[in-house]
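Novice: Residue numbers (my numbering): 57 to 591.
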């Protein structure tokens, strides 16, 4: 197994995740099997109950892993499917070690950071790499070098470096080369960051300089001289409007070939088809981005977590993939569902949009604003997509407004409603109240003939990624269908999709289609939604 470790310096949020994904994309285009592991040095066991407003989107993997949004980038760039093993947190590591200690597996020894914690970290990295069947595993270490939270991880990686052959583990350090007021690219922060890294027993083999513009030759020379790396091993990762362009930029800098040389990977035949597909996709995205905004379709994303756009990053990316497939420009506008509850001018503006999405969320806050947005879409025949909570509230709104079920609601918000059209998942509802079990991960659903969903996917059985504790109450399916609502997909009889056949495009999904979308292969439902906006 070959390992590439991606670390960061100077400041966090530089784009280590995109760098990791881009290097992986380029290696995959060269014919290698690649996987990626994210190290998150926080004490949370996973991202499942972290606030999207603090940490961004909670990405759901096929095995139900609730992880950092970077793993979503890995899946999109590498066109692969990862598991919860590919997300290593301090919480997971400490929990495993403490559980072993409680079971007496350490035979009375004093349990310490070294070797017990570091051994657990090394074991998790190697297991994730080997189980994936990959030839190259890229490890992103979250945070910046020198952070107290990541010390045990960097120590474990230092030990791995000594345990692996020299050519089996290489280091890529991502730093910031910012411009001063005179336009000079400053290298001193990079120098200090590498110095800090060396105090931990690690040295970068490659340096990727984040900058506003491409690194100047003199900047590369200076970084190479003071950081003791070859000049050709210093690469630019400058600001671009399209992140999918980064693999092409890094490849043009020659870093992919140098990594292959340093890892002593066998020369394989390049996957020219994949390279061209990626390059063509980037060109098409860039052409669409250059279209005037006057020609763009406007999409309202009515959500609860609008203060941090990264809360919906996979949705935005999926819309981008869909718009590229259709060949139209879509401008997404985040609208706070709370604001819709009390701002009539904001609500009136909804009618001017070409499409409305109500994405998933938990909790009652802002739900009335979502209901207003759903009603606006239904009454004005604006293309609508409800995801998770968005689907559930679409059923609530229809039950109240059309099916005559006044006061219908979800038991998540009103346990005493006369019409609980949305309730806890039946297998979880044991009468004890709020369950600790969710439908998490990838599940197969069955689609009915002669429905929009069946037409979109073109087959009876479809996989979707789920993250829900509530679903449509089967007791109300018949009266709702008699009033015109169509439940077109199910899991063991439990409705998972809904549609209104008399509308241009009005659908809801309990699963999250955005998690399975890829830049070169748009998710079919998202693509169909964008197409309906165009038509």
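Cβ atoms here follow ideal geometry from the backbone N, Cα and C, with glycine treated the same way.
#1: Where does residue 373 sit, in a helix, a strand or coil, going by DSSP?
#2: Buried or exposed, going by whether 16 or more other CB atoms sit within 10 Å of the CB of residue 579?
#3: Going by the DSSP bridge assignment, what does residue 293 pair with across the sheet?
#4: On the three-state DSSP scale, how would you describe residue 238?
#5: DSSP state of residue 516, grouped into three classes?
#6: Nearest-angstrom Cα distance between residue 489 and residue 262?
#7: Using the Cα positions of residue 463 and residue 473, report the straight-line distance between them to the nearest angstrom.
#8: Can you say whether residue 171 is buried or exposed, counting buried as having 16 or more other CB atoms within 10 angstroms of its CB?
#9: Helix, strand or coil for residue 168? Go by DSSP, reduced to three states.
#10: Could you check the C-alpha separation between residue 372 and residue 159 for me, to the nearest Å?
#11: What do you get for residue 166, buried or exposed, if any count of 16 or more other CB atoms within 10 angstroms of its CB means buried?
#12: So, helix, strand or coil for residue 146, using DSSP?
#13: Between 208, 179, 235 and 140, which lies nearest to residue 219 when the distance is taken from Cα to Cα?
#14: In whole angstroms, give me the CA-to-CA distance for residue 470 and residue 454.
#15: Is the beta carbon of residue 553 closer than 9 Å to that of residue 426?
#16: Between residue 409 and residue 356, is the Cβ-Cβ spacing less than 9 Å?
#17: Going by CA-CA distance only, name the one from 431, 113, 415 and 419 that's closest to residue 406.
#18: Secondary structure at residue 58, three-state DSSP: helix, strand or coil?
#19: Where DSSP assigns a beta bridge to residue 547, which residues make up the other side?
#20: Could you say if the segment 562–569 and the segment 434–451 meet the contact criterion of at least three C-beta pairs nearer than 8 Å?
#21: Thinking residue 241 and residue 200 are a contact (beta carbons under 8 Å), I'd like their distance in whole angstroms, please.
#22: May I ask you to report which of helix, strand or coil DSSP gives residue 189?
#23: Enumerate, from N- to C-terminal direction, the unbroken beta strand (DSSP E) stretches of 3 or more residues contained entirely within the segment 317–402.
#24: Leaving out five residues before and five after residue 345 in sequence, what residues of the same chain have Cβ atoms less than 8 Å from its Cβ?
#25: Hey, residue 370 and residue 115 are a contact pair by Cβ (cut 8 Å); roughly how many whole angstroms apart?
#26: Pull up the CB-CB distance for residue 125 and residue 364, whole angstroms please, since I reckon it's below 8 Å.
#27: Just how far apart, CA to CA, sit residue 151 and residue 106?
#28: Cα-Cα, which of 129, 268, 522 and 513 is closest to residue 495?
#29: Do residue 82 and residue 260 have their beta-carbon atoms positioned less than 9 Å apart in this structure?
#30: Do the segment 139–148 and the segment 88–105 meet, that is, are 3 or more Cβ pairs less than 8 Å apart?
#31: Can you have a look at residue 97 and say buried or exposed, based on whether 16 or more other CB atoms are within 10 angstroms of its CB?
#32: Do you know how far the Cα of residue 367 is from the Cα of residue 111?
#33: Do residue 546 and residue 502 have their beta-carbon atoms positioned less than 9 Å apart in this structure?
#34: Just the Cα atoms here: how many angstroms apart are residue 510 and residue 176?
#35: Residue 228 to residue 210, Cα distance in whole Å?
#36: Based on the DSSP output, what are the partners of residue 117 in its beta bridges?
Specialist: According to the structure data:
#1: Sequence index remark: in the chain shown, residue 373 carries index 317 (1-based). In the structure shown, the three-state DSSP call for residue 373 is helix.
#2: On the chain shown, position 523 is the one that residue 579 refers to. Burial of residue 579 is indicated by the presence of at least 16 other C-beta atoms within 10 angstroms of its C-beta.
#3: Indexing the chain shown from 1 puts residue 293 at position 237. Note: residue 293 sits in a beta bridge opposite 266.
#4: Counting from one through the chain shown, the residue named residue 238 turns up at place 182. In the three-state reduction of the DSSP assignment, residue 238 falls in the coil class.
#5: If you number the chain shown from 1, residue 516 lands on position 460. Coil.
#6: Within the chain shown, residue 489 is the residue found at index 433, counting from 1. Within the chain shown, residue 262 is the residue found at index 206, counting from 1. Confidence at residue 489 is low in this model, with a pLDDT of 39, below 50, so the placement of that residue should be treated as unreliable; the coordinate-derived value is given next. About 54 Å.
#7: Indexing the chain shown from 1 puts residue 463 at position 407. Indexing the chain shown from 1 puts residue 473 at position 417. If I take the Cα positions, the gap works out to 7 Å.
#8: Locating residue 171 in the chain shown gives position 115, counting from the first residue. Here residue 171 is exposed: its Cβ has fewer than 16 other Cβ atoms, across all protein chains shown, within 10 Å.
#9: Here the question's residue 168 lines up with position 112 in the chain shown. Of the three classes helix, strand and coil, the one that applies to residue 168 here is coil, per DSSP.
#10: Along the chain shown, read from residue 1 onward, the residue named residue 372 stands at position 316. Along the chain shown, read from residue 1 onward, the residue named residue 159 stands at position 103. Taking the straight line joining both Cα atoms gives about 45 Å.
#11: Walking along the chain shown from the start, residue 166 turns up at place 110. By the 10 Å Cβ count, residue 166 comes out exposed.
#12: Locating residue 146 in the chain shown gives position 90, counting from the first residue. In the three-state reduction of the DSSP assignment, residue 146 falls in the helix class.
#13: As a first step, residue 219 must be located in the chain shown, where it is residue number 163. Nearest in C-alpha terms to residue 219, of all of 208, 179, 235 and 140, is 179.
#14: By 1-based counting over the chain shown, the position of residue 470 is 414. By 1-based counting over the chain shown, the position of residue 454 is 398. About 17 Å.
#15: Numbered from its first residue, the chain shown carries residue 426 at position 370. Numbered from its first residue, the chain shown carries residue 553 at position 497. With respect to the 9 Å criterion, residue 426 and residue 553 are not classified as neighbours on the basis of their beta carbons.
#16: Taking the chain shown and counting its residues from 1, the one referred to as residue 409 is at position 353. Taking the chain shown and counting its residues from 1, the one referred to as residue 356 is at position 300. In contact: residue 409 and residue 356 (Cβ atoms closer than 9 Å).
#17: Position 350 of the chain shown, counted from the first residue, corresponds to residue 406. If you compare the alpha carbons of 431, 113, 415 and 419 with that of residue 406, the shortest gap goes to 431.
#18: For the purposes of this step, residue 58 is identified with residue 2 of the chain shown, where counting begins at 1. In the structure shown, residue 58 falls within a strand segment according to DSSP collapsed to helix, strand and coil.
#19: Against the chain shown, residue 547 aligns to sequence position 491. Under DSSP, residue 547 forms a beta bridge with 550.
#20: Judged by Cβ distances under 8 Å, the segment 562–569 makes contact with the segment 434–451, as three or more pairs qualify.
#21: Counting from one through the chain shown, the residue named residue 241 turns up at place 185. Counting from one through the chain shown, the residue named residue 200 turns up at place 144. Not quite, the Cβ-Cβ distance comes to about 19 Å (not below 8 Å), so this is no contact.
#22: Position 133 of the chain shown holds residue 189. Note: residue 189 maps to coil in three-state DSSP.
#23: Here the runs fully enclosed are 353–359 and 386–392.
#24: As a working note, residue 345 is residue 289 in the chain shown. Listed in chain order, the non-local C-beta contacts of residue 345 below 8 Å within the same chain comprise 297, 298 and 385, local neighbours out to five positions each way being set aside.
#25: Here the question's residue 370 lines up with position 314 in the chain shown. Here the question's residue 115 lines up with position 59 in the chain shown. Residue 370 to residue 115, Cβ: 6 Å. Contact.
#26: For the purposes of this step, residue 125 is taken as residue 69 along the chain shown, with counting starting at 1. For the purposes of this step, residue 364 is taken as residue 308 along the chain shown, with counting starting at 1. The beta-carbon separation of residue 125 and residue 364, rounded to 11 Å, does not stay under the 8 Å limit for a contact.
#27: For the purposes of this step, residue 151 is taken as the residue at position 95 of the chain shown. For the purposes of this step, residue 106 is taken as the residue at position 50 of the chain shown. When rounded, the distance between both Cα atoms is 17 Å.
#28: Within the chain shown, residue 495 is the residue found at index 439, counting from 1. Of 129, 268, 522 and 513, the smallest CA-CA separation from residue 495 is found for 522.
#29: The residue you call residue 260 lines up with position 204 of the chain shown. The residue you call residue 82 lines up with position 26 of the chain shown. Residue 82 is positioned such that its CB atom lies no closer than 9 Å to that of residue 260.
#30: Cβ pair count under 8 Å is three or more, so yes.
#31: Taking the chain shown and counting its residues from 1, the one referred to as residue 97 is at position 41. Using a 10 angstroms sphere on the CB of residue 97, the tally of other CB atoms reaches 16 or more, which defines it as buried.
#32: Locating residue 111 in the chain shown gives position 55, counting from the first residue. Locating residue 367 in the chain shown gives position 311, counting from the first residue. When rounded, the separation of the alpha-carbon atoms in residue 111 and residue 367 is 8 Å.
#33: Taking the first residue of the chain shown as position 1, residue 502 is located at position 446. Taking the first residue of the chain shown as position 1, residue 546 is located at position 490. It is a contact, given that the beta carbons lie within the stated cut-off.
#34: As a working note, residue 510 is residue 454 in the chain shown. As a working note, residue 176 is residue 120 in the chain shown. Each residue's alpha carbon lies about 46 Å from the other.
#35: Here the question's residue 228 lines up with position 172 in the chain shown. Here the question's residue 210 lines up with position 154 in the chain shown. If you take the alpha carbons of residue 228 and residue 210, they lie about 13 Å apart.
#36: Walking along the chain shown from the start, residue 117 turns up at place 61. DSSP, once it has assigned bridges, lists no residue as partnering residue 117.
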